[in-house]
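Count along the sequence shown starting at 1, add 623, and that's the number in the working numbering. Think of the CB as a built atom: it goes at the ideal place given N, C-alpha and C, for glycine as much as any other residue. What you are looking at is a predicted structure, and each value in this text was computed from that prediction instead of being measured. I have placed the structure first, in the form of structure tokens, so that the comments after it can refer back to it.
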Amino acid sequence: GIDIRVFVIGKEIVAAVKRYSSKSFKANFSLGGESEAYSLNPNELCIVKKIINLFNFDFAGIDFILDKNGDFLFNEIEDVVGCRTLYKNYNIDVVKKYLEHIKNQL
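In structure tokens:
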């Protein structure tokens with residue numbers, strides 16, 4: 624299986640990762656799936672921004688599966704999102720970004 628997780632803090636898209644597994648339709652990293660950095664195309668960016676504008680996120684992951692054409696199908700929002708794939712694929716200090724977000728909300 625293949626899916627895309629978009630990490631969001633507040634209204635900011637922090638990063639996206641492609642998660643995949645050749646052994647299962649589930650691409651979860653915790654279940655043995657692999658991951659790599661992923662660049663959102665303009666259409667995907669538009670979809671994510673529409674979702675972001677509907678909710679007030681703190682730190683979340685927005686997950687998409689892909690249809691037969693490779694286009695996004697919304698799957699779920701993880702409000703207690705794991706960061707292992709983010710740390711594995713990017714050099715982003717997500718804790719610092721999250722703390723700045725919290726500070727700005729006070």
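{"Query": "Identify, in the order they occur along the chain, each residue of the same chain with its Cβ nearer than 7 Å to the Cβ of residue 690, setting aside the five sequence neighbours on each side.", "Result": "696"}
{"Query": "Tell me, please, which residues DSSP counts as bridged to residue 701.", "Result": "684"}
{"Query": "Between the Cα of residue 660 and the Cα atoms of 627, 702, 723, which residue gives the shortest distance?", "Result": "627"}
{"Query": "What did DSSP end up calling residue 661 once you bin it into helix, strand or coil?", "Result": "coil"}
{"Query": "Taking Cβ to Cβ, would you say residue 643 is nearer than 8 Å to residue 633?", "Result": "no"}
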